[in-house]
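What follows is a set of notes on a single structure, which appears directly below.
Chains as they are written, first to last, in my numbering: chain A, 1110 to 1294; chain B, 22 to 181.
What follows is the structure, encoded as structure tokens:
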């Protein structure tokens, strides 16, 4: 037989494990069930919204867990809630990257197309996926996310929330690969 | 720090695999050893009833979540995410802004596709076989996972 402490710990562990799947399940409901955020330009926004909505079921389940199983005091409630919040946040971040890879990664596109076609013909792929198209797709995404805006023929920074992550990514890239040329960074 | 030290010394092939080994697999083996030793030392309670074991599993989950977040940040760092590069270039242009042609010029010619193609070769996801490029077993598995994921969401495969 399990004692009370073990029951509350195991149920908490199950809650943490369940939180792994919450962003995906919420996105499944929103995109597949409700048919929202299916358009190309809105898909990334849909993933972010799914992650944010995911906080509600997780919070609700955590309160239910506390009322049904927990025998600890309020401080433990706060600490276990904080733990769950951080783990969910990290996993949600991982999930967003996985979704982003499926949406925007050139490597995944090459693999998926190669797998579907049963072969990879490099020249054919370059022809079907020219660099101008790669850049145009990215510009469209940045405009849809409100990061940049188009004024006449010129692109300008709009909200610019990606500027900080961009600086961090390229700063870290310089640390890891100090010998790369400036143009490659 | 571990990542920087090893990568500065020698960047390994199949980088993502090595990051998983260094940050998740090796610590996982250590955690597993600790949990096992707790199991052998606890004779009074059944294995899952031991509070220490659950706490250690929760600690490992925390460690894995943190490591996974770090590992998932690596592909844009390694590949030099073009969207972020565009953002920085437009920001540098200040109020003048950039036309499509200006933006195209920030990428060295023929690198956007070829560099990623070379990465796939280096990561062992595609290989040259019988006079043609083919997807390896790992590459096929990865492609299937992403295709299934997109199918579940009823979305076409991303445009890259």
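Positions of the beta carbon are idealized from the N, C-alpha and C atoms, including for glycine.
Inset, instruction - Using a Cβ-Cβ cut-off of less than 7 Å, list which residues of the stretch 32–45 of chain B approach chain A; keep chain order. - result: none
Legend entry - Chain-ordered chain B contacts of residue 1260 of chain A [CB-CB under 9 Å]: 118
Inset, instruction - Would you check if the distance between the CB atom of residue 1197 of chain A and the CB atom of residue 90 of chain B is smaller than 7 Å? - result: no
Legend entry - Entirely enclosed alpha helix (DSSP H) segments - the stretch 58–145 of chain B, minimum 4 residues: 72–100, 103–113, 121–126 and 135–143
Inset, instruction - List the residues of chain B that residue 1269 of chain A touches, going by C-beta distances under 8 Å, in chain order. - result: 108 and 112
Legend entry - Where residue 1103 of chain A falls: helix, strand or coil (DSSP): Limits of chain A in this structure are 1110 at one end and 1294 at the other, which puts residue 1103 of chain A out of reach.
Inset, instruction - For chain B, find out if any of its Cβ atoms is closer than 7 Å to the Cβ of residue 1295 of chain A; answer yes or no. - result: There is simply no residue 1295 of chain A to check, as chain A begins at 1110 and stops at 1294 in what is shown.
Inset, instruction - Would you check if the distance between the CB atom of residue 1217 of chain A and the CB atom of residue 134 of chain B is smaller than 7 Å? - result: no
Inset, instruction - Count the other CB atoms, across all protein chains shown, that sit within 10 Å of the CB of residue 181 of chain B; report buried if there are 16 or more and exposed otherwise. - result: buried
Inset, instruction - Please list the partners that residue 151 of chain B has in chain A, where partner means a Cβ-to-Cβ separation under 8 Å. - result: Correct list: empty, because the minimum Cβ distance to chain A is about 11 Å.
Inset, instruction - Please work out which residues of its chain come closer than 7 Å, Cβ to Cβ, to residue 1211 of chain A, disregarding the five sequence neighbours upstream and downstream, and give them in chain order. - result: 1217
Legend entry - Straight-line Cα distance separating residue 130 of chain B from residue 1155 of chain A: 33 Å
Legend entry - Beta-carbon spacing of residue 1171 of chain A, residue 1193 of chain A below 7 Å: yes
Inset, instruction - Leaving out five residues on either side along the sequence, give the residues of the same chain with a beta carbon under 7 Å from the beta carbon of residue 157 of chain B. - result: 145, 146, 147 and 148
Legend entry - Nearest-angstrom Cα separation, counted from residue 1132 of chain A out to residue 79 of chain B: 20 Å
Legend entry - For residue 1174 of chain A, the three-state DSSP class (helix, strand or coil): helix
Inset, instruction - Say whether chain A places a C-beta atom closer than 7 Å to the C-beta of residue 167 of chain B. - result: yes
Legend entry - CB-CB length for residue 1264 of chain A against residue 54 of chain B, believed under 8 Å: At roughly 54 Å, the Cβ-Cβ gap does not stay under 8 Å, so residue 1264 of chain A and residue 54 of chain B are not in contact.
Inset, instruction - May I ask which residues mark the beginning and end of the alpha helix (DSSP H) holding residue 1188 of chain A? - result: 1183–1213
Inset, instruction - Measure the beta-carbon distance from residue 1160 of chain A to residue 1128 of chain A and round it to whole angstroms, keeping in mind my assumption that it falls under 8 Å. - result: Contact doesn't hold; Cβ gap of about 11 Å is too wide.
Inset, instruction - Could you list which residues in chain B have their beta carbon closer than 8 Å to that of residue 1148 of chain A, in chain order? - result: Per Cβ cutoff of 8 Å: no residues; residue 1148 of chain A is ~10 Å from chain B at best.
Inset, instruction - Give every residue of the same chain whose Cβ lies closer than 8 Å to the Cβ of residue 137 of chain B, excluding the five residues on either side of it in the sequence, and list them in chain order. - result: 100
Inset, instruction - Tell me whether residue 1292 of chain A is buried or exposed, calling it buried when 16 or more other Cβ atoms sit within 10 Å of its Cβ. - result: A caution first: residue 1292 of chain A carries a pLDDT of 49, below 50, which makes its placement in the model unreliable, though a value can still be read off. Residue 1292 of chain A is exposed by the Cβ-count criterion.
Legend entry - Contact check, residue 1266 of chain A vs residue 111 of chain B, beta carbons under 7 Å: yes
Inset, instruction - Spatial neighbours of residue 88 of chain B within its chain, please: CB distance less than 6 Å, with the 5 preceding and 5 following residues excluded, ordered by chain position. - result: 44 and 45
Legend entry - Neighbourhood of residue 1111 of chain A by C-beta distance below 8 Å, restricted to the same chain and skipping five residues each side: Because residue 1111 of chain A carries a pLDDT of 49, less than 50, the predicted location of this residue cannot be relied on, and no value is offered for it.
Inset, instruction - Would you kindly report the start and end of the unbroken alpha helix (DSSP H) that includes residue 1252 of chain A? - result: 1240–1253
Inset, instruction - Count the other CB atoms, across all protein chains shown, that sit within 10 Å of the CB of residue 1214 of chain A; report buried if there are 16 or more and exposed otherwise. - result: buried
Inset, instruction - Identify which residue in B:94, B:169, B:37 and B:127 has its Cα closest to the Cα of residue 1274 of chain A. - result: B:94
Legend entry - is_contact[residue 1288 of chain A, chain B] using C-beta, thresh 7 Å: no
Inset, instruction - Run through the stretch 1110–1153 of chain A for me and flag every whole alpha helix (DSSP H) of 4 or more residues, listed as ranges in chain order. - result: 1113–1128 and 1131–1136
Inset, instruction - Grab the span of the alpha helix (DSSP H) containing residue 164 of chain B for me, first residue to last. - result: 158–173
Inset, instruction - Assign residue 179 of chain B to one of three DSSP states: helix, strand, or coil. - result: coil
Inset, instruction - Sort out for me which residues DSSP pairs residue 153 of chain B with in a bridge. - result: B:150
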